[in-house]
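Step one of this worksheet: look at the structure below.
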Amino acid sequence: MPQKTLRFKIHQDGRVEETVEGFNGNSCNEATKNLEDALGEVTVKKTTSDAFISNQNKNLNQQNNESNVTF
Amino acid sequence: MSHFSTIKTQLKESEPLIKALNNLGYLINQEEKFIKGYQGKFTAVDISMTLPSDTKVGFKWDNNSNAYELVTDLDLWKFEIPVERFISKVTQMYAYQTIISKTKEDGYQIVEQTNKNDGSIELVLTKWDN
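This is the structure:
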């Protein structure tokens with residue numbers, strides 16, 4: 000039973016910093032999409048290290064697929 | 000997977016906006032359908048209220064920005080805080096109300112809420128997977 004955690008810092012000018020933890024794969028983007036849409040405009044979005052690893056693997060797979068196409 | 004986002008808050012929905020105004024102690028009276036705005040021109044508004052010091056303000060839906068915008072006559076602004084500060088306070092409380100209601104719908108619970116010295120509000124919410 001993993002715990003899902005949302006952290007927010009709401010600045011005095013209304014700017015919101017949001018950190019989302021404990022999700023598998025891309026589900027963390029879906030988890031807060033409605034909230035982000037309701038709040039306004041996302042100006043910065045970064046994925047953290049564990050997400051980076053899964054994206055890297057995806058890129059490697061894509062590269063492999065591309066080389067297959069060339070041959 | 001985790002992510003970090005920064006969001007520029009816009010006043011996009013009336014419900015959290017009204018909650019935010021009430022929460023800040025500003026009473027919406029809806030007495031006026033038109034408020035004196037830019038260059039003293041009367042403008043139709045969706046929400047109207049009178050701030051202390053008889054400062055009249057309204058919010059009207061703006062199709063270009065897809066958000067509510069403030070209508071007031073700056074020449075008649077007598078409220079104790081500057082108009083920029085007023086907008087900031089409303090926007091911060093709007094963000095707070097939106098986060099509270101949307102996360103509650105999704106089953107999250109508040110585990111920590113702190114008002115920081117820099118004027119920001121920090122919130123931590125959690126949910127256990129079934």
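Chains A and B supply the protein sequences, listed in that same order. Per numbering that gives the first Met the number 0, the very first residue in the first sequence carries number 0; after that it's consecutive. Per numbering that gives the first Met the number 0, the very first residue in the second sequence carries number 0; after that it's consecutive. In this text, a Cβ means the ideal position worked out from N, Cα and C, and glycines have one as well.
* Asked: When the cut-off is 8 Å and only beta carbons count, does Tyr93(B) lie next to chain A?
  -> Here residue 93(B) corresponds to residue number 94 of the second sequence, with the count starting at 1. It does: the Cβ of Tyr93(B) has a partner Cβ on chain A nearer than 8 Å.
* Would you verify that the beta carbon of Gln9(B) is, or is not, closer than 8 Å to some beta carbon of chain A? => If you number the second sequence from 1, residue 9(B) lands on position 10. Answer yes: the Cβ-Cβ gap between Gln9(B) and chain A drops below 8 Å somewhere.
* **Touch test, the stretch 110-127 of chain B against the stretch 31-51 of chain B, Cβ-Cβ under 8 Å, three pairs minimum** => no
* Mind checking Tyr37(B): buried by the 16 CB within 10 Å criterion, or exposed? -> Within the second sequence, numbered from 1, the residue matching residue 37(B) stands at position 38. It is exposed - the Cβ of Tyr37(B) has fewer than 16 other Cβ atoms within 10 Å.
* Asked: What are the boundary residues of the alpha helix (DSSP H) that includes Phe85(B)?
  -> Here residue 85(B) is taken as the residue at index 86 of the second sequence, counted from 1. Unbroken alpha helix (DSSP H) run through Phe85(B): Val82 to Glu104.
* Between the stretch 121-128 of chain B and the stretch 43-52 of chain B, do three or more beta carbon pairs fall short of 8 Å? -> no
* Mind listing the chain A neighbours of Leu26(B)? Cutoff is C-beta to C-beta under 8 Å, in chain order. => If you number the second sequence from 1, residue 26(B) lands on position 27. Ordered by position in chain A, no residue passes the 8 Å Cβ test against Leu26(B), which lies about 21 Å from the chain.
* Asked: Do you know whose CA, among Phe58(B), Ser100(B), Asn63(B) and Pro81(B), lies nearest Ile34(B)'s CA?
  -> The residue you call residue 34(B) lines up with position 35 of the second sequence. Ile34(B) has its Cα closest to that of Phe58(B), out of Phe58(B), Ser100(B), Asn63(B) and Pro81(B).
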